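Engineer: Add 486 to a position in the sequence shown, counting from 1, and you land on the number used in the numbering used here.
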Amino acid sequence: VELLKSIEALDYIWETTGLVICRCGTRCHVKILENQWFLKFSDEEWKRKVKECISMMKFYPEEIRQQFINTVDWLENKACARKTGLGTRLPWDKEWIVETLSDSTIYMSFYTIYHYLKQIPIEKVNDELFDFVFLGKGNLKEISKKYGIKEKLLKKMREEFEYFYPVDLRTSGKDLVQNHLTFYLFHHVAIWEDKKYWPKAIAVNGFVNVGGEKMSKSKGNVIPLSRLLEEFGSDLTRINIISSAENLSDADWRGENFKTFLERINFIFDVVNSLKKARSRKLRNVDKFLTSKINKVGREALEAYENLRFRTAAQLLFFEFLNDLDWYFKRVGKIENGNGKILKNVLRKFVLLISPLIPHLAEELWEKLGGKKFVFQEKLPTLEKFDEKPILSEIFLQSLIEDIRQVKKLAGEKPKEVDIIVAASWKFDLVEKISRGKKVELKDLLKKFEDEEKEYVAKFYKKIILQKEVKVISRKDEMRILEEARDILEKEVGAKVIITVEERSGVEKAKQAEPFKPAIYFSF
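1. Within the chosen definition, does the segment 964-982 reach the segment 883-903 through at least 3 CB pairs nearer than 8 Å?
2. Kindly identify the DSSP beta-bridge partner or partners of E1000.
3. By a C-beta neighbour count over all protein chains shown, 10 Å radius and 16 as the cutoff for buried, is S879 buried or exposed?
4. Grouping DSSP H, G and I as helix and E and B as strand, with all else coil, what is K830?
5. Determine the closest residue to T668 out of K564, W852, R785, with distance taken between C-alpha atoms.
6. Relative to the C-alpha of R891, which candidate in A981, D810, D589, Q553 has its C-alpha closest?
7. Would you tell me roughly how many angstroms separate the C-alpha atoms of A897 and F1010, rounded to the nearest one?
8. What does R575 pair with, by DSSP beta-bridge criteria?
9. Taking 8 Å as the cut-off, decide whether the C-beta atoms of H674 and I608 are in contact.
10. Exposed or buried, what is C508 when buried is set at 16 or more other beta-carbons lying within 10 Å of its beta-carbon?
11. Do I540 and L671 have their beta-carbon atoms positioned less than 8 Å apart in this structure?
12. Roughly how many angstroms separate the alpha carbons of P845 and V663, rounded to a whole number?
13. Going straight from the alpha carbon of F935 to that of V943, what length do you get?
14. Excluding the 5 residues flanking I709 on each side, which residues of the same chain have their C-beta closer than 8 Å to its C-beta?
15. By Cβ distance below 7 Å, which residues in the same chain neighbour K638 in space, the five residues on each side in sequence not counted?
16. Would the beta-carbon of L968 fall within 8 Å of that of I1006?
17. Between L722, N752, I985, A731, which has its C-alpha nearest G741's C-alpha?
18. Measuring CA to CA, which of A676, F650, S778 is closest to E870?
19. Counting along the chain, where does the alpha helix (DSSP H) carrying N695 start and finish?
20. Residues bridged to D905 by DSSP?
21. Could you have a look at I728 and say whether DSSP puts it in helix, strand or coil?
22. List the endpoints of the continuous beta strand (DSSP E) containing I688.
23. So, helix, strand or coil for Y683, using DSSP?
24. Measuring CB atoms only, is the segment 543-560 touching the segment 503-520, in the sense that at least three cross pairs come out at less than 8 Å?
25. Starting from the C-beta of E964, find all residues in its chain whose C-beta is less than 6 Å away, skip the five residues before and the five after it, and write them out in chain order.
26. Check each candidate in F527, L519, L655 and name the one with the smallest Cα separation from R568.
27. Rounded to the nearest angstrom, what separates K1003 and R797 at their Cα positions?
28. Can you give the beta carbon distance from G634 to K610, rounded, assuming they're within the 8 Å contact cut?
29. So, is the C-beta of Y602 closer than 8 Å to a C-beta in chain B?
30. Going by CA-CA distance only, name the one from R795, A731, K768, T746 that's closest to F805.
31. Would a C-beta distance cut-off of 8 Å place P652 and M543 closer than the cut-off?
32. My output table needs one value for E699: the three-state DSSP class, helix, strand or coil.
33. For A687 and D736, which I take to be in contact (beta-carbon distance under 8 Å), what is that distance rounded to the nearest angstrom?
34. Would you identify the three-state DSSP class for F882, choosing helix, strand or coil?
35. Tell me, to the nearest whole angstrom, how far the beta carbon of S595 is from that of F620; I am working on the premise that it is less than 8 Å.
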């Protein structure tokens, strides 16, 4: 090749970027055809219009936008016709057949009218008809009279196209960015001068692997979709694939993962089926927590949906929120102690939120929750502003229980009593001021303490000042949550729990108490 180039034996040398082998096993070569037809993708004005279209579009994920711009920059003229195979004859040169990628990038416009086009004899389908339907050119009455096509039908075709265009979202694989998807933009801006018909968004996704490996016939790891549906059902298949990747990452099918989702779905059904047993009318912190969490997680899930991040939505709903629901039942003890009204309201929102992910199971759950219409006919839930305080309070309790477990593990024996010691009020005052961005001088703080306490106070001050994030709930709320959760704390520790404050505690360890992190003292 280099020798032929050096002696200018050929005008052009076309090389593949690597070895190409046909499915039949034959090595492929580039064939140069005489009088070949090309699409002039090198045209600067055409490229400019495509870049303008790209600048007006949304891309999912956003980082793929630059790949489209790069492709437009390097794209040169592309052969658009061939001599062999099936296909449509090139209108102006019948010896040639239109190459597949050269005429397949505006087929979505054809989808809008196909059901009407079947009513028209093929000999009457022509450019004049398509110009009217897609471009609005020509006179309705004249075209109807000329070809014997009903005005009403022509009008419906035009209206149908107008209703569905422009394309709101085109989704495809990441391997098509440098060909089909970019050609799709070139062809739309070339055919439709009016920018309102240009594509609005493109989403690009990865491939589906099996057990970390690319699916391949030679490896024998190709799984027919029908087999997955028979074995797992459509919803479990969907959620398994969706939850494994998003955006440009490759999804990885692992059959063992379905058990995790099956367990979580069974948990939802168990709660919904037992909902009538929930009779409590108390409005406790944990009830407020559950309400706040469905609104918080729901908002984040809806944002993920909007940005086509379905894995994120699945993680939020099936893991974070269901863990919260599990915590709720640990807190109240059993379903009978649950607040039925709160639970039903929360579960209805949850089922609406998971319906895009597991639509068939969501329909069953929705009916059990008293839904009158199909869930797919319902709007996504209205999510109120959430209150952060109940969430922080439950995080505080969860953190305390984990600390108790660690102390219990280190102690190695069962205590007779456990003191849970809430920090002194001055510590709460300091943390609260710092959390609100108020400046607190150490020298001013130390004036309030005796000399023997100043070293300890200064140490605590420096520790709080250095923290990047200060979590805080009021001292009163800490005491209230601890009293409310006394049962679960005593169950966890297996002993009597005494809730007290640093100022009244007689143990030396009381000084270790901090806001959001009480001191724990075991008595044996």
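For each residue, glycine too, the CB sits at the ideal point set by N, CA and C. Quick caveat: nothing in here was measured; it's all calculated off a predicted structure.
Structural biologist: In brief:
1. yes
2. DSSP, once it has assigned bridges, lists K1003 as partnering E1000.
3. Around the beta carbon of S879, 16 or more other beta carbons sit within 10 angstroms, so the residue counts as buried.
4. helix
5. K564
6. A981
7. 10 Å
8. According to DSSP, R575 bridges with I583.
9. no
10. By the 10 Å Cβ count, C508 comes out exposed.
11. yes
12. 30 Å
13. 8 Å
14. V696, M701, W739
15. For K638, where only same-chain residues beyond five positions count, there are no Cβ hits under 7 Å.
16. Not closer than 8 Å, so no.
17. L722
18. Residue S778 is the option with its Cα nearest to E870.
19. Per DSSP, N695 belongs to no alpha helix (DSSP H); it is in the beta strand (DSSP E), 694-696.
20. I984, Y1007
21. helix
22. 687-691
23. It is helical.
24. no
25. V908
26. L519
27. Rounded to whole angstroms, the separation of the alpha carbons of R797 and K1003 is 34 Å.
28. 7 Å
29. The displayed structure is made up of one protein chain only, and chain B is not part of it.
30. Closest in alpha carbon position to F805, among R795, A731, K768, T746, is T746.
31. no
32. Three-state DSSP puts E699 in a strand.
33. That belief does not hold up - the Cβ atoms of A687 and D736 are roughly 22 Å apart, past 8 Å.
34. helix
35. 6 Å
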